[in-house]
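By numbering that gives the first Met the number 0, the letter at position 70 of the sequence shown is numbered 69, and the numbering carries on one by one without gaps. We treat Cβ as the ideally placed atom computed from N, Cα and C, and that holds for glycine. The structure appears right after this line, and notes come after that.
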Amino acid sequence: MCRARCDGAAMGGRITQVTLLARCAMLGVTLLLWVGGLTLPCTGVLTGRSRPPGPSLYFQYHHYEDMTGYLHAVNRAYPDLTRLYSLGKTVKDRDLWVMQVTSVPEVQLGVPHVKIVGNIHGNEAVGRELVLHMIQFLVTSYNRNQTVRWLLDNTRIHLMFLLFTVPGDELQQEPDSEMVTGQHQDTSDVSLVYSSW
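Shown next, in the form of C-alpha cells:
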C-alpha cells in the first residue's frame, strides 16, 4: 500500500526520495498506532501480563507539571531511545516540550523525521494524552516488538504536546474560571519553524 501511494505521489514530478521515505514513514506510524492501539499497556492489566518497565502513566488527563515530570522520567529511564528538548518558552514561561524517540544516535541522510503534534488548541486534551501513551508504547515495546524496533531503528519521531500555555482542561478545572477561546497569542514570541525541530 505504501509503495503504491509513494509511486502515485512521485508521478507529480518534484518529489524526492527522502520525501517519499518520509511519507511512507508517516503512513507506517499511522498503521502502527492503529494496530498497536490494541496492545497498549492497559491491556496488560486486563490479561495479567506484567507491567512494562519504566515510569507509570495512568489513563487520566495530565496537568502540565505532571506531563513534564513524566517526560523527564521517561528520558532518564530510556536515555538511548529518547531525547527531551524544548522549542522555546511560552509567554507564561512554560517550555514547549518535544520528545524525540529513536534508536538512531545522530541525524543521518535518508532517515526520515516524523513530527506529531498532540494538540494545537486548548480544548484538544485527548491528543496530548495520546501522544504521552504513544511514547510509553514505543519505549516499552522496543525490545519486545519487532515492528516497533524496526520503526525506531529507521525513523526519528518527534512528539510535541502543546502549542499554547495552559491546556484547556486545566482552565476548566479551576474554580470560577471562564475558558477563553480563540486566543492564539501564547506562542507568538516563539518561532515554530519545522526545520528547527
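Worksheet item: Identify the residues that DSSP records as bridge partners of Leu158: which are they?
Response: Counted from its first residue, the sequence shown places residue 158 at position 159. Its beta-bridge partners are Met98, Ile115.
Discussion item. Between the region 139–153 and the region 83–91, can you find at least three pairs of beta-carbon atoms closer than 8 Å?
Written reply: no
Discussion item. Can you check which of these residues, Leu158, Asp152, Leu150, Glu64, is closest to Asp92 by C-alpha distance?
Written reply: Your numbering for residue 92 matches position 93 in the sequence shown. The shortest Cα separation from Asp92 among Leu158, Asp152, Leu150, Glu64 belongs to Glu64.
Worksheet entry | Where the alpha helix (DSSP H) containing Gly126 begins and where it ends | Taking the first residue of the sequence shown as position 1, residue 126 is located at position 127. Taken as a continuous stretch (DSSP letters only), the alpha helix (DSSP H) holding Gly126 covers 124–140.
Worksheet item: Roughly how many angstroms separate the alpha carbons of Phe160 and Val97, rounded to a whole number?
Response: Position 161 of the sequence shown holds residue 160. Position 98 of the sequence shown holds residue 97. Those two C-alpha atoms are separated by around 7 Å.
Worksheet item: From which residue to which residue does the beta strand (DSSP E) around Gly87 run?
Response: Stepping through the sequence shown from its first residue, residue 87 is reached at position 88. Counting along the chain, the beta strand (DSSP E) containing Gly87 begins and ends at 81–88.
Item to complete: Whole angstroms is fine: what's the gap from Val130's alpha carbon to Met66's?
Response: Taking the first residue of the sequence shown as 1, we reach residue 130 at position 131. Taking the first residue of the sequence shown as 1, we reach residue 66 at position 67. Approximately 11 Å between the Cα atoms of the pair.
Worksheet entry | DSSP-derived helix/strand/coil call for Asn144 | Taking the sequence shown and counting its residues from 1, one reaches residue 144 at position 145. Residue state, collapsed to three classes: coil.
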